[in-house]
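Asks:
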Amino acid sequence: MKTSARNQFYGTVSAVTRGSVNDEVSLALAGGHEIVAVVTHESTETLGLVVGSAAFALIKASWVVLLVENESGAPLKLSARNQLRGTVLSVKRGAVSAEVSLGLEGGAVITAVVTNESVDTLGLAEGSVAVAAFKASSVILGVKD
């Protein structure tokens with residue numbers, strides 16, 4: 001499969017919470033991570049998303065927000081449902097923006113595109129710890145034919 005989405009994760013559906021229009025689908029990934037997606041009920045049925053089925057999640061790098069812990073180390077609180085903690089593997093700067101890749105436990109990598117100013121403000125550098133956050137509605141789910 002080839003897509004323009006920089007972030008592609010393969011996993012197993014671990015939960016489906018049905019709603020009248022939208023469903024919440026949880027995808028368990030290697031390393032103990034979980035991604036939650038909100039998709040229409042019709043999409044859940046069309047894709048055959050049930051607990052135990054294989055699926056993949058696509059997230060564009062521009063939909064990912066990066067955060068760092070404050071000095072107190074208190075848990076981060078924000079409305080973005082998905083928060084994946086990782087270690088910065090690389091920072092590739094351009095004229096205005098940078099591509100920042102985080103290595104997650106279990107070997108997965110998530111990439112975000114942020115401004116160079118954000119890289120500096122957050123102190124993002126190889127080896128530093130950051131959290132990649134994105135909304136459940138920003139996740140595109142798919143299955144192999």
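Numbering (UniProt numbering), first residue to last: 1 to 145.
Even glycine gets a Cβ: it sits at the ideal position worked out from N, Cα and C.
Computed from a predicted model, the values in this text were never measured in an experiment.
Suppose you measure from the CA of L104 to the CA of F9; what does that come to, to the nearest Å?
Replies: Sequence index remark: in the sequence shown, residue 104 carries index 104 (1-based). Sequence index remark: in the sequence shown, residue 9 carries index 9 (1-based). Looking at the two C-alpha atoms, the distance is approximately 11 Å.
Asks: Label S101 either buried or exposed according to how many other C-beta atoms from any shown protein chain fall within 10 Å of its C-beta, with 16 as the threshold for buried.
Replies: Position 101 of the sequence shown holds residue 101. Under this definition S101 is a buried residue.
Asks: Is the beta carbon of A30 sitting closer than 9 Å to the one on G11?
Replies: In the sequence shown, residue 30 corresponds to position 30, counting from 1. In the sequence shown, residue 11 corresponds to position 11, counting from 1. Taking 9 Å as the Cβ cut-off, A30 and G11 qualify as a contacting pair.
Asks: From the DSSP output, in three-state form, read off S26 for me.
Replies: As a position in the sequence shown, residue 26 is number 26, starting the count at 1. Reduced to three states, the DSSP call for S26 is strand.
Asks: For the pair the segment 123-132 and the segment 27-41, tell me if three or more CB-CB distances fall below 8 Å.
Replies: Output reads no: the segment 27-41 does not touch the segment 123-132.
Asks: Identify whether A5 lies in helix, strand or coil by the three-state DSSP scheme.
Replies: For the purposes of this step, residue 5 is identified with residue 5 of the sequence shown, where counting begins at 1. The answer is coil: DSSP assigns A5 none of H, G, I, E or B.
Asks: Can you find the residues in the same chain that come closer than 6 Å, C-beta to C-beta, to T17, ignoring five residues on each side of it along the sequence?
Replies: What you label residue 17 is simply residue 17 of the sequence shown in a count that begins at 1. Taken in chain order, the residues that qualify are E24.
Asks: In the DSSP assignment, what residue or residues form a beta bridge with N116?
Replies: Locating residue 116 in the sequence shown gives position 116, where the first residue counts as 1. BP columns for N116 are empty, so no partner.
Asks: Run the CB neighbour count on A15, radius 10 Å, all protein chains shown included, and call it buried at 16 or more, exposed below.
Replies: The count along the sequence shown starts at 1 and reaches residue 15 at position 15. Its Cβ having fewer than 16 others within 10 Å, A15 is exposed.
Asks: Nearest-angstrom Cα distance between Q83 and F134?
Replies: By 1-based counting over the sequence shown, the position of residue 83 is 83. By 1-based counting over the sequence shown, the position of residue 134 is 134. Approximately 7 Å between the Cα atoms of the pair.
Asks: Taking C-beta to C-beta, are G86 and V109 nearer than 9 Å?
Replies: Reading the sequence shown from its first residue, position 86 is the one you call residue 86. Reading the sequence shown from its first residue, position 109 is the one you call residue 109. Yes, Cβ-Cβ distance for G86 and V109 is below 9 Å.
Asks: Mind reading off the beta-carbon distance from V88 to N116? Whole number of angstroms is fine, and I expect it under 8 Å.
Replies: Residue 88 sits at position 88 when you count from the first residue of the sequence shown. Residue 116 sits at position 116 when you count from the first residue of the sequence shown. Not a contact, Cβ separation roughly 15 Å.
Asks: Closer than 6 Å by C-beta to T44: which residues in its own chain qualify, once you throw out the five before and the five after it? Chain order, please.
Replies: Position 44 of the sequence shown holds residue 44. Cβ within range, chain order: D23.
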